[in-house]
Amino acid sequence: MKFDTSLPIYRQVVTAIKKDIVSGKIHPGDKLPSGRDLAVQYTINPNTSAKVYQELEQEGICYTKRGLGTFVKEDLEMVTQIKSEMAEELIVYFLKNMEELGYTREEICSLIREEK
C-alpha cells in the first residue's frame, strides 16, 4: 500500500480495512491479523497497528478477545452504515473537485450520464 503523506498512516490503514469489510474481503466475525502481522502486511510500525485496532474498536467496528485476537463485529447493519458513510465521503470529494474545475452540478450529472 502506498501511503499519502498528507494523512496519518493509521487512518489510511483503518480506511483500507473498512474497504475490505464493505467489499466482502473481510466478513463480519472474521479474525483480523495480529498486530505484528498487520504491521508486516502494511509495512508499518507495530505501534501504528495497535493504534489502528484501537481506532477500529472506538468506532465500534471490531472487538478484541483477550488471548484470541481482534475480530470484526457480526453486525451487517454496521457494515451497511460504513459503506454509506464511505460512499458519501467519496461523493463529496468528487463534487468538490469537479466544482473546483468549474463544473456545475448539472454539468457533472450530464457527464456521469454520458459515461455509461
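If you use my numbering, the sequence shown closes out at 124, no skipped numbers anywhere. Ideal placement from N, C-alpha and C gives every residue a C-beta, glycine not left out.
What does the Cβ neighbour count give for Ser-57, buried or exposed, with the cut at 16 atoms within 10 Å? Position 49 of the sequence shown, counted from the first residue, corresponds to residue 57. Its Cβ being crowded by 16 or more others within 10 Å, Ser-57 is buried.
Which residue's Cα is closest to the Cα of Leu-1: Val-30, Ala-24, Phe-11, Pro-16? Nothing can be reported for residue 1: it is not among the residues displayed for the chain, which extend from 9 to 124.
Would you tell me roughly how many angstroms separate the C-alpha atoms of Gly-32 and Ile-17, rounded to the nearest one? Reading the sequence shown from its first residue, position 24 is the one you call residue 32. Reading the sequence shown from its first residue, position 9 is the one you call residue 17. The straight-line gap from Cα to Cα measures roughly 23 Å.
Touch test, the region 67-87 against the region 96-115, Cβ-Cβ under 8 Å, three pairs minimum: no
Alpha carbon of Val-87 to alpha carbon of Ser-118, nearest angstrom: In the sequence shown, counting from the first residue as 1, residue 87 sits at position 79. In the sequence shown, counting from the first residue as 1, residue 118 sits at position 110. When rounded, the distance between both Cα atoms is 31 Å.
May I ask which residues mark the beginning and end of the alpha helix (DSSP H) holding Gly-77? Start at 1 with the first residue of the sequence shown, and residue 77 comes out as number 69. Element bounds for Gly-77: not the alpha helix (DSSP H) but the beta strand (DSSP E), 77-80.
Where Ile-25 falls, given that 16 or more other Cβ within 10 Å makes a residue buried: Your numbering for residue 25 matches position 17 in the sequence shown. By the 10 Å Cβ count, Ile-25 comes out buried.
What are the uninterrupted segments assigned as alpha helix (DSSP H) that are 4 or more residues long and contained completely in the region 17-54, given in chain order? 17-31, 43-50
Can you check whether the CB of Ala-47 is closer than 7 Å to the CB of Pro-36? The count along the sequence shown starts at 1 and reaches residue 36 at position 28. The count along the sequence shown starts at 1 and reaches residue 47 at position 39. Cβ distance not < 7 Å, so Pro-36 and Ala-47 don't count as in contact.
From Glu-122, Phe-79, Lys-104, residue whose alpha carbon lies closest to that of Lys-39: Stepping through the sequence shown from its first residue, residue 39 is reached at position 31. Nearest option by C-alpha distance: Phe-79.
So what's Tyr-101 in DSSP terms, helix, strand or just coil? Stepping through the sequence shown from its first residue, residue 101 is reached at position 93. Helix at Tyr-101.
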